[in-house]
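So for the sequence shown, this note's numbering puts the first residue at 14; every next one is plus one.
By construction, the Cβ of each residue, glycine as well, lies at the ideal position given by its N, Cα and C atoms.
Bear in mind that the values here come from a model prediction, so they are computed numbers and not experimental data.
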Amino acid sequence: MSAPWRSALVTGASAGIGASLVRLLAERGVARVVVVARRGDALEALAAEVHADQPGTSVEVLVADLADPDGCAAVEARLAADDEPIDLLVNNAGFGTAGAFWELPLDGEAREVALNAVAVLRLSHAALGPMVARGRGAVVNVSSLASNQPTPGMATYGATKAFVTMFTEGLAQDLRGTGVTATAVLPGYTRTEFAAAMGGNGPDPEAASSIEAMAPAFAWLTADAVAAETLDAAAAGKVLCVPGAGYKVVNALEAPLPRTARRWLIGRLVGAPARLAGRDG
Ligand SMILES: NC(=O)c1ccc[n+]([C@@H]2O[C@H](COP(=O)([O-])OP(=O)(O)OC[C@H]3O[C@@H](n4cnc5c(N)ncnc54)[C@H](OP(=O)(O)O)[C@@H]3O)[C@@H](O)[C@H]2O)c1
Numbered sequence: 014m015s016a017p018w019r020s021a022l023v024t025g026a027s028a029g030i031g032a033s034l035v036r037l038l039a040e041r042g043v044a045r046v047v048v049v050a051r052r053g054d055a056l057e058a059l060a061a062e063v064h065a066d067q068p069g070t071s072v073e074v075l076v077a078d079l080a081d082p083d084g085c086a087a088v089e090a091r092l093a094a095d096d097e098p099i100d101l102l103v104n105n106a107g108f109g110t111a112g113a114f115w116e117l118p119l120d121g122e123a124r125e126v127a128l129n130a131v132a133v134l135r136l137s138h139a140a141l142g143p144m145v146a147r148g149r150g151a152v153v154n155v156s157s158l159a160s161n162q163p164t165p166g167m168a169t170y171g172a173t174k175a176f177v178t179m180f181t182e183g184l185a186q187d188l189r190g191t192g193v194t195a196t197a198v199l200p201g202y203t204r205t206e207f208a209a210a211m212g213g214n215g216p217d218p219e220a221a222s223s224i225e226a227m228a229p230a231f232a233w234l235t236a237d238a239v240a241a242e243t244l245d246a247a248a249a250g251k252v253l254c255v256p257g258a259g260y261k262v263v264n265a266l267e268a269p270l271p272r273t274a275r276r277w278l279i280g281r282l283v284g285a286p287a288r289l290a291g292r293d294g
């Protein structure tokens, strides 16, 4: 299957879903992929792998910290470059923090908002002006099923993902008739470095939290499966993509529930912040 884009920029490409997306874009014949993350060595290794496996694709490495305004500005400049336009932007970089919000370091929470929400806003803005002017293009924002209800114990994470889903749905409506599409992807549990990177300072196996233990083995998706459904949905111009048959069912069952019922249910399933903080909630 070939992709409808000549070029793409993928954030959070050094690991997990982002790296799978880059490999798949190359397999599907995209000629140029710009890869963005903080770990330049991992991005260079991915570029070398793609060069060996898919020589028709050139990979451009752009090292940037997207929780930082200067890092965002460098990527915005690349998205705005007229000589080598970007047809597909994938805002995928993100991390989570877990614990009682008031006990977590405020800087980490603010960086989580800066990366998961503000960078998505800024890069979408930089990409969409040129795409709409050209009358073609696509923006994919990787959100989470966590955006459908509050997330006790990960309050900031769920709030950032609610922003991403709602922002993308709004964009999709505004973009009707422009030739440009916006797609929000809502994965459930996916095996990546996410659990080990909780806190946002890069992977730390010591810090791999109880997230792994929160879901049974059958609930975990692979990054490759999420990447494949993501690209299919974006190519079809879909507004929402929930990868995996099981999670599509969860999403459909959850949608008609009143907010109070969702809040009650998730509180019972996941536990209240007070419990996380060692108090009986
Ligand atoms: N895994 C899941 O269960 C799951 C479920 C739902 C949604 N998601 C979402 O899927 C997306 C991808 O996550 P993943 O699961 O693939 O996690 P991952 O394996 O930890 O990958 C996260 C990526 O984001 C990059 N990143 C982190 N902080 C960054 C920063 N400040 N600036 C630039 N890049 C940064 C990381 O690269 P560097 O460390 O090199 O910067 C890495 O490439 C995230 O938005 C996540 O919220 C994941």
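Looking only at its own chain, which residues have a Cβ that is under 7 Å from the Cβ of residue i, when we skip the five neighbours before and after it?
i      : result
Thr169 : Thr110, Phe114, Glu122, Glu125 and Val126
Gly25  : Gly31, Ala50, Asn105, Ala106 and Gly107
Thr178 : Ser156, Ser160, Ala197 and Leu199
Leu117 : Thr110
Suppose the cutoff is 6 Å on Cβ atoms and the five residues either side in sequence are ignored; what does the same chain contact list for residue i look like?
i      : result
Ala175 : Ser160
Taking just the CA atoms, how far does residue j sit from residue i?
i      : j      : result
Val193 : Ala241 : 20 Å
Asp245 : Glu97  : 24 Å
Leu262 : Asp95  : The identity of residue 262 in the sequence shown is Val, whereas the question assumes Leu. Looking at the two C-alpha atoms, the distance is approximately 42 Å.
Ala268 : Glu89  : 35 Å
Ser27  : Trp277 : 37 Å
Ala287 : Pro163 : Any reading at Ala287 must be qualified, since the residue scores a pLDDT of 46, below 50, and its modelled position is unreliable; the value itself is stated next. So the alpha carbons of these two residues sit roughly 15 Å apart.
Ala232 : Leu34  : 21 Å
Ala87  : Ala77  : 7 Å
Arg19  : Ala146 : 17 Å
Ala130 : Thr235 : 24 Å
Gly148 : Arg281 : 47 Å
Asp66  : Leu38  : 12 Å
Gly29  : Leu56  : 12 Å
In terms of residue numbering, what span does the alpha helix (DSSP H) encompassing residue i cover?
i      : result
Glu242 : Ala236 to Ala248
Arg124 : Leu119 to Val126
Thr173 : Ala168 to Asp187
Met144 : Ala132 to Arg147
Leu59  : Gly53 to Asp66
Return the first residue and the last residue of the beta strand (DSSP E) that residue i is part of.
i      : result
Glu73  : Ser71 to Val76
Ser20  : Ser20 to Thr24
Gly150 : Gly150 to Val155
Asn264 : Counting along the chain, Asn264 falls outside any beta strand (DSSP E), though it belongs to the alpha helix (DSSP H) covering Ala258 to Glu267.
Ala197 : Val193 to Val198
Val103 : Leu101 to Asn104
Leaving out five residues before and five after residue i in sequence, what residues of the same chain have Cβ atoms less than 8 Å from its Cβ?
i     : result
Gly42 : Ser15, Ala16, Gly69 and Thr70
Mapping DSSP to helix, strand and coil, what is residue i?
i      : result
Val47  : strand
Thr110 : coil
Leu270 : coil
Pro286 : Confidence at Pro286 is low in this model, with a pLDDT of 49, below 50, so the placement of that residue is unreliable and no value is reported for it.
Leu92  : helix
Ser33  : helix
Asp81  : coil
With DSSP as the reference, identify every bridge partner of residue i, one or two as the case may be.
i      : result
Thr203 : Leu234
Cys254 : Val198
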